[in-house]
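Some notes on the structure that comes next.
Protein chains in written order, with my numbering: chain A, 372 to 628; chain B, 1469 to 1732.
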């Protein structure tokens, strides 16, 4: 378990971990034992993983959006560039990278560690064994609602983050006048490509799957006690971040390149 | 009827269960006893299919579980109830929801019937008053009782208990023992209890299996355990002062009876 950690990495153990992950996902993707129970858990997870993350998304998106506009306004102050460039550049940063990738890196800390520690604690307190003894597919029962709920709710979080990021910039323009509000609004509308929004949402759904499934893998394979649960939680965040960045690189090259 | 034949389990080259052959009495409380590290829990986990043995057979009514397909194993599991050492109640569910869980997953009852059945099980273990509490809000003894209620919710044919008395005071431990014994009798269940508590053994054990370092050293009834001619079993049974004194008193009574008969 947890052999994907860079300092412990060896080719064989990494391949074993990938194999374990694939095997776990095979069990997760099986049809639920009871569809009614799946939807019950799904709705709980939408609230726990998605709705409970809204405040974090609101605060971070608003402030980072505001800072992006301030930084660009300061650093792109050139007579050769029109002032609405601030709006254009801020929009592209927020739409393409911040609201999907950076927001998911942040959410992996909250949601990823939550999933890994919850499932890890269930493992060490024999709750997962209890499910197995009853004949319940524990991987499917515990992980599938989390993965699907987080992927399902991700577009809501990303759309909210996009709106609030640009709203943060709007407030900065309103108070500082650099650039003026009308110029900023013109900038964020200038040469707007709707496809960027959909690309960003699609990216975030992929990252959502990575966060939920990788964290669940770390939690599900915990052996030991509370120390190991803590380690699994930390490891899941580290690995999620690496995988999200790698996926971002690949996705950007494939879609935008 | 559960029969075990030539069961061997190794962990990284270390033999934990060494060629165990035994059978468990139907409709009785079967106890697996032994000191810590003797392989009791591994044996129990092999019996319920949580651990795959290296070799040997575990037969439920003639069907070997080591050769069962996943679907058949899943069906068999519905005949099993398990009480874990730490209770293993689901933290996110109330006591009533915990007991209803196996019914929600596997029964064809409607909500009202499921609730009624769960309430009956809670009443059976005297825990109706705690139905709406979460596991973190109840005591260790209550958690064990809730776990027993959950284990019997689906009317299992086999009840497995891993150290049901660990962490409980003597009075509560006795209550749990009596509950296991009563449920075994009332529902005609075959119970298999792992324990190292001799009080439990003498209280409820119908068929006792003694493991020592992975080897089945002795098997018999509780009436014979005090007089068993097995050095390792005697070491285990008479490790406590109480049982030493009982043995000493028993010997004195026997000697007095014998001398009385001679005089007479």
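Where a beta carbon is used, it is the ideal one built from N, C-alpha and C, also for glycine.
Q | Proximal residues, the segment 392 to 412 of chain A versus chain B, C-beta separation under 7 angstroms | A | 404, 405, 408
Q) According to DSSP, which residues form a beta bridge with residue 1490 of chain B? A) The residue you call residue 1490 of chain B lines up with position 22 of the second chain. Paired residue(s): B/1472.
Q. Given 8 angstroms as the limit, is there contact between the segment 431 to 448 of chain A and the segment 484 to 494 of chain A, that is, 3 or more CB pairs closer than that?
A. no
Q. For chain B, is any of its Cβ atoms less than 8 angstroms away from the one on residue 505 of chain A?
A. Start at 1 with the first residue of the first chain, and residue 505 of chain A comes out as number 134. So, interface residue.
Q) Is there at least one Cβ from chain B nearer than 8 angstroms to residue 497 of chain A's Cβ? A) Along the first chain, one-based indexing puts residue 497 of chain A at 126. Output row for residue 497 of chain A: interface = yes.
Q. Measuring CB to CB, does residue 1625 of chain B end up less than 8 angstroms from residue 1648 of chain B?
A. Translated into the one-based positions of the second chain, residue 1625 of chain B becomes position 157. Translated into the one-based positions of the second chain, residue 1648 of chain B becomes position 180. Contact flag unset, no.
Q. Any chance the CB of residue 1690 of chain B is under 7 angstroms from a heavy atom of the ligand MG?
A. Ligands displayed in this structure: none; no statement on the ligand MG is therefore possible.
Q.
Only counting the same chain, and skipping five residues up and downstream in sequence, which positions put a Cβ closer than 7 angstroms to that of residue 502 of chain A?
A. Looking up residue 502 of chain A in the first chain gives position 131. The residues are 509, 512.
Q.
Can you pull out the residues from the segment 1559 to 1578 of chain B whose beta carbon lies closer than 9 angstroms to at least one beta carbon of chain C?
A. Looking for chain C here will not work: the only protein chains present are A and B.
Q: Can you say whether residue 1732 of chain B is buried or exposed, counting buried as having 16 or more other CB atoms within 10 angstroms of its CB?
A: One-based indexing of the second chain puts residue 1732 of chain B at position 264. Because the pLDDT at residue 1732 of chain B is just 49, under 50, the model does not fix this residue reliably, and the point stays unresolved.
**Q.** Test: residue 1552 of chain B CB closer than 8 angstroms to a CB of chain A
**A.** Within the second chain, residue 1552 of chain B is the residue found at index 84, counting from 1. By this cut-off, residue 1552 of chain B is an interface position.
Q) Do the segment 1624 to 1642 of chain B and the segment 611 to 625 of chain A make contact, defined as three or more Cβ pairs closer than 8 angstroms? A) no
Q: Mind listing the chain A neighbours of residue 1516 of chain B? Cutoff is C-beta to C-beta under 8 angstroms, in chain order.
A: Position 48 of the second chain, counted from the first residue, corresponds to residue 1516 of chain B. The contacting residues are 504.
Q) With a Cβ-Cβ cutoff of 8 angstroms, do residue 1512 of chain B and residue 1526 of chain B count as a contact? A) Your numbering for residue 1512 of chain B matches position 44 in the second chain. Your numbering for residue 1526 of chain B matches position 58 in the second chain. Cβ atoms of residue 1512 of chain B and residue 1526 of chain B: not closer than 8 angstroms.
Q.
Please list the terminal residues of the continuous alpha helix (DSSP H) segment that includes residue 1667 of chain B.
A. By 1-based counting over the second chain, the position of residue 1667 of chain B is 199. Residue 1667 of chain B -> alpha helix (DSSP H) spans 1666 to 1672.
Q: Output yes or no for whether 8 angstroms exceeds the beta carbon distance between residue 1533 of chain B and residue 1477 of chain B.
A: Counted from its first residue, the second chain places residue 1533 of chain B at position 65. Counted from its first residue, the second chain places residue 1477 of chain B at position 9. Contact flag unset, no.
Q) Using a C-beta to C-beta distance shorter than 8 angstroms, which residues of chain A count as neighbours of residue 1556 of chain B? A) By one-based count along the second chain, residue 1556 of chain B stands at place 88. Those are 496, 497, 498, 500, 501, listed as they occur along chain A.
Q) chain A partners of residue 1536 of chain B, CB-CB under 9 angstroms? A) To locate residue 1536 of chain B, count along the second chain from 1; it is residue 68. Simply none; closest approach about 12 angstroms.
Q. Are the beta-carbon atoms of residue 555 of chain A and residue 541 of chain A separated by less than 8 angstroms?
A. Here residue 555 of chain A corresponds to residue number 184 of the first chain, with the count starting at 1. Here residue 541 of chain A corresponds to residue number 170 of the first chain, with the count starting at 1. Cβ atoms of residue 555 of chain A and residue 541 of chain A: closer than 8 angstroms.
Q) Excluding sequence positions up to five away, which residues of its chain have a Cβ less than 8 angstroms from the Cβ of residue 1582 of chain B? A) Along the second chain, read from residue 1 onward, the residue named residue 1582 of chain B stands at position 114. Cβ neighbours of residue 1582 of chain B beyond the five flanking positions: 1568, 1571, 1572, 1575.
Q | Closer than 7 angstroms at the beta carbon, the chain A residues around residue 1548 of chain B | A | Numbered from its first residue, the second chain carries residue 1548 of chain B at position 80. Under the 7 angstroms cutoff, chain A gives 504.
Q. Which residue from A/466, A/427, A/426 puts its Cα closest to that of residue 439 of chain A?
A. The residue labelled residue 439 of chain A in the question sits at position 68 within the first chain. Ranking A/466, A/427, A/426 by Cα distance to residue 439 of chain A puts A/466 first.
Q: In the DSSP assignment, find the alpha helix (DSSP H) that holds residue 1593 of chain B and state where it starts and stops.
A: As a working mapping, residue 1593 of chain B is identified with position 125 in the second chain. Per DSSP, residue 1593 of chain B belongs to no alpha helix (DSSP H) and is neither H nor E.
Q: With DSSP as the reference, please indicate the residues paired to residue 547 of chain A in a beta bridge.
A: If you number the first chain from 1, residue 547 of chain A lands on position 176. Residue 547 of chain A pairs with nothing; no bridge assigned.
Q: Keeping to the same chain, check which residues put their C-beta closer than 7 angstroms to that of residue 464 of chain A; ignore five residues upstream and five downstream.
A: The residue you call residue 464 of chain A lines up with position 93 of the first chain. Same-chain partners within the cutoff: 439.
Q: Assign residue 555 of chain A to one of three DSSP states: helix, strand, or coil.
A: Residue mapping note: residue 555 of chain A aligns to position 184 of the first chain, counting from 1. Three-state result, residue 555 of chain A: helix.
Q.
Measuring only the C-alpha atoms, how far is residue 1679 of chain B from residue 1727 of chain B?
A. Indexing the second chain from 1 puts residue 1679 of chain B at position 211. Indexing the second chain from 1 puts residue 1727 of chain B at position 259. Between residue 1679 of chain B and residue 1727 of chain B, the C-alpha separation is close to 37 angstroms.
Q) Distance, Cα to Cα, residue 1489 of chain B vs residue 1516 of chain B? A) Translated into positions along the second chain, residue 1489 of chain B becomes position 21. Translated into positions along the second chain, residue 1516 of chain B becomes position 48. When rounded, the distance between both Cα atoms is 16 angstroms.
(Q) Per DSSP, what are the beta-bridge partners of residue 1687 of chain B in this structure? (A) Numbered from its first residue, the second chain carries residue 1687 of chain B at position 219. Answer by DSSP bridge pairing, in chain order: B/1677.
Q: Specify, as a first and last residue, the run of the alpha helix (DSSP H) that residue 607 of chain A falls within.
A: Position 236 of the first chain, counted from the first residue, corresponds to residue 607 of chain A. Run containing residue 607 of chain A: 597 to 627, per the alpha helix (DSSP H) assignment.
Q: For residue 423 of chain A, count neighbouring C-beta atoms within 10 Å of its own C-beta (all shown protein chains included) and say buried if the count is 16 or more, exposed if not.
A: In the first chain, the residue the question calls residue 423 of chain A occupies position 52. Classification for residue 423 of chain A: exposed.
Q.
Classify residue 1719 of chain B: buried if its beta carbon has 16 or more other beta carbons within 10 angstroms, exposed otherwise.
A. If you number the second chain from 1, residue 1719 of chain B lands on position 251. Per the 10 Å Cβ criterion, exposed.
Q.
Give me the chain A residues within the contact set of residue 1545 of chain B, using Cβ-Cβ distance strictly less than 7 angstroms, ordered along the chain.
A. Within the second chain, the letter at position 77 stands for residue 1545 of chain B. Within 7 angstroms Cβ-Cβ: 504, 505, 506.
Q. Residue 455 of chain A to residue 477 of chain A, Cα distance in whole Å?
A. Here residue 455 of chain A is taken as the residue at index 84 of the first chain, counted from 1. Here residue 477 of chain A is taken as the residue at index 106 of the first chain, counted from 1. Taking the straight line joining both Cα atoms gives about 29 angstroms.
Q | Other residues of its chain near residue 571 of chain A: CB distance less than 8 angstroms, five sequence neighbours each side excluded | A | Within the first chain, residue 571 of chain A is the residue found at index 200, counting from 1. If we look at residue 571 of chain A and ignore the five residues flanking it on each side, its Cβ neighbours are 466, 467, 470, 471, 529, 533.
Q: Kindly identify the DSSP beta-bridge partner or partners of residue 568 of chain A.
A: Within the first chain, residue 568 of chain A is the residue found at index 197, counting from 1. Note: residue 568 of chain A sits in no beta bridge, so no partner.
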